Ligand SMILES: [Zn+2]
């Protein structure tokens, strides 16, 4: 009998069995989220495929807290053996280490000497006490300049910032103070998750970390974006305390529907914004970088788009768990009539092989600080004179997702390409209702 026919017969035999058997739990997925400064992979393991994303972040503080790395790996092994424990509404992720360089080097810090739990942009909430600062109180309250040169400066901070844009909850495990505390600024889901985890684990719960103000902390950053966020501190500095933390996590999973809120709709300037777009807008520079929304988000197939004065943000749920979940549209690229001639790599800046362009000086500095890889894309031209929308000629550079120009005050800002794109679209389909604000 030909193989194909035999295969077909086999399928016909087992199809009735398949249709009555309960759906097996999906296989855990292994993801690479990015690379540390020294090129070590930062990975996650995903269990379940429910709408509520809960992320457990193991070791952030490198070698001195290696027991949290061990704990997270033990939790992964547990859920591999018991995938049925994940509620249908949850997808659960474990990141064994966000700081593989610190873990390899035996250091609390990343390879730049920055404390990753002091580097996040915590100015997004209404509590000034926790705002990012380069001068921080670190382990045991020691004061040091380890917050980084600016907020979200480190590649590892940027990886977690991007990965949590669609999360409902985040658990950042540390050691060793023996207590659980939630985001500093009042956030009910964080408070509830802290209490539930602590009670399950048999750890102390404290509304605050009382010893000093934590600035730039991951739990505070996440809480400010509406993500239920807690920091459990193991009691010891060397044991994984597996049974306690498994019980804490199970207690959270049992209450998942109370603690892990599905994405909410947000509102800015009178326009509703889907939560991942709102979080991206806020976390990557807000009004200063993208301007205000110009209309409601629109859904076209699988793509949700929202126009802002300085760009268009695009949400593609099919690209969840990748940095492309929310991206500014390719407005710079679309504005180029013809490709610019390639640059000579003379070593005076950063050369982009893919686009053959050079980025240097003030434009390079701005691009790096803004997480240009995520927000602006690669340069498509060298520096050139650009006629701004106000008619003035300015030094500028074209990128895939923006055109940047040097302003009279010395600052570098994106041109208002979102306005232009909206007007162009309006000209193509003038029947759409349209409100100018
Ligand atoms: Zn720590």
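Numbering (the working numbering), first residue to last: 110 to 546.
Glycine included, C-beta positions come from ideal geometry on N, C-alpha and C.
Bear in mind that the values here come from a model prediction, so they are computed numbers and not experimental data.
Distance between beta carbons of residue j and residue i, contact taken as under 8 Å
| i | j | result |
| --- | --- | --- |
| residue 313 | residue 288 | 4 Å |
| residue 479 | residue 398 | 7 Å |
| residue 377 | residue 401 | 7 Å |
| residue 137 | residue 189 | 6 Å |
| residue 142 | residue 268 | 5 Å |
| residue 459 | residue 445 | At roughly 20 Å, the Cβ-Cβ gap does not stay under 8 Å, so residue 459 and residue 445 are not in contact. |
| residue 187 | residue 370 | Incorrect: roughly 26 Å between the Cβ atoms, too far for contact. |
Cβ pair residue i, residue j closer than 9 Å
| i | j | result |
| --- | --- | --- |
| residue 325 | residue 228 | yes |
| residue 327 | residue 169 | yes |
| residue 246 | residue 178 | no |
| residue 440 | residue 527 | yes |
| residue 236 | residue 347 | no |
| residue 525 | residue 489 | no |
| residue 176 | residue 345 | yes |
| residue 411 | residue 425 | yes |
| residue 163 | residue 280 | yes |
| residue 442 | residue 364 | no |
| residue 386 | residue 413 | yes |
| residue 262 | residue 342 | no |
| residue 145 | residue 209 | yes |
| residue 392 | residue 230 | yes |
| residue 451 | residue 484 | no |
| residue 165 | residue 212 | no |
| residue 530 | residue 421 | yes |
| residue 390 | residue 416 | no |
Neighbourhood of residue i by C-beta, 6 Å cutoff - its chain only, sequence neighbours within 5 removed
| i | result |
| --- | --- |
| residue 139 | 154 |
| residue 333 | 233 and 234 |
| residue 552 | Lying before the first or after the last residue shown, residue 552 is absent from the chain, which here runs from 110 to 546. |
| residue 536 | none |
| residue 181 | 167, 203 and 205 |
| residue 315 | 288 and 290 |
| residue 215 | 172 |
| residue 360 | 305 and 309 |
| residue 121 | Here the model assigns residue 121 a pLDDT of 44, short of 50, so the residue's position is not dependable, and the following value carries that caveat. Closer than 6 Å at Cβ, skipping near neighbours: no residue. |
| residue 111 | A caution first: residue 111 carries a pLDDT of 46, below 50, which makes its placement in the model unreliable, though a value can still be read off. No residues qualify anywhere along the chain. |
| residue 349 | 176, 179, 180 and 183 |
| residue 538 | none |
| residue 419 | 399, 400, 523, 525 and 527 |
| residue 318 | 290 |
Nonlocal neighbours in the same chain, by C-beta distance under 7 Å from residue i, ignoring five residues either side
| i | result |
| --- | --- |
| residue 464 | 487, 488 and 489 |
| residue 129 | The predicted position of residue 129 is uncertain, since its pLDDT is 47 and thus under 50; a value taken from the coordinates is nonetheless stated next. Answer for residue 129: no residue qualifies. |
| residue 472 | 492, 506, 513 and 521 |
| residue 428 | 434 |
| residue 198 | 159, 160, 161, 365 and 366 |
| residue 368 | 278, 298, 301, 302, 305, 337 and 361 |
| residue 534 | none |
| residue 496 | 502 |
| residue 174 | 168, 283 and 284 |
| residue 253 | 245 and 247 |
Beta-carbon contacts of residue i that lie in its chain and below 8 Å, excluding the five residues immediately before and after
| i | result |
| --- | --- |
| residue 384 | 275, 335, 372, 373, 374 and 375 |
| residue 381 | 374, 375, 405 and 406 |
| residue 457 | 467 and 469 |
| residue 545 | With a pLDDT of 44 at residue 545, under the threshold of 50, the predicted position of this residue should be treated as unreliable, and no value is reported. |
Near ligand 2: residue i beta-carbon under 8 Å from a heavy atom
| i | result |
| --- | --- |
| residue 211 | What this structure holds is ligand 1, not ligand 2. |
For the structure I just gave you, are there three or more beta carbon pairs, one from the region 218–235 and one from the region 156–163, closer than 8 Å?
no
Okay, do the region 290–301 and the region 252–263 touch, 3+ Cβ pairs below 8 Å being the bar?
no
Check whether the region 272–292 and the region 336–345 touch, using three or more Cβ-Cβ pairs below 8 Å as the test.
yes
Closer than 7 Å to ligand 1: residues, by C-beta to nearest heavy atom, in chain order:
169, 170, 174, 226, 283 and 284
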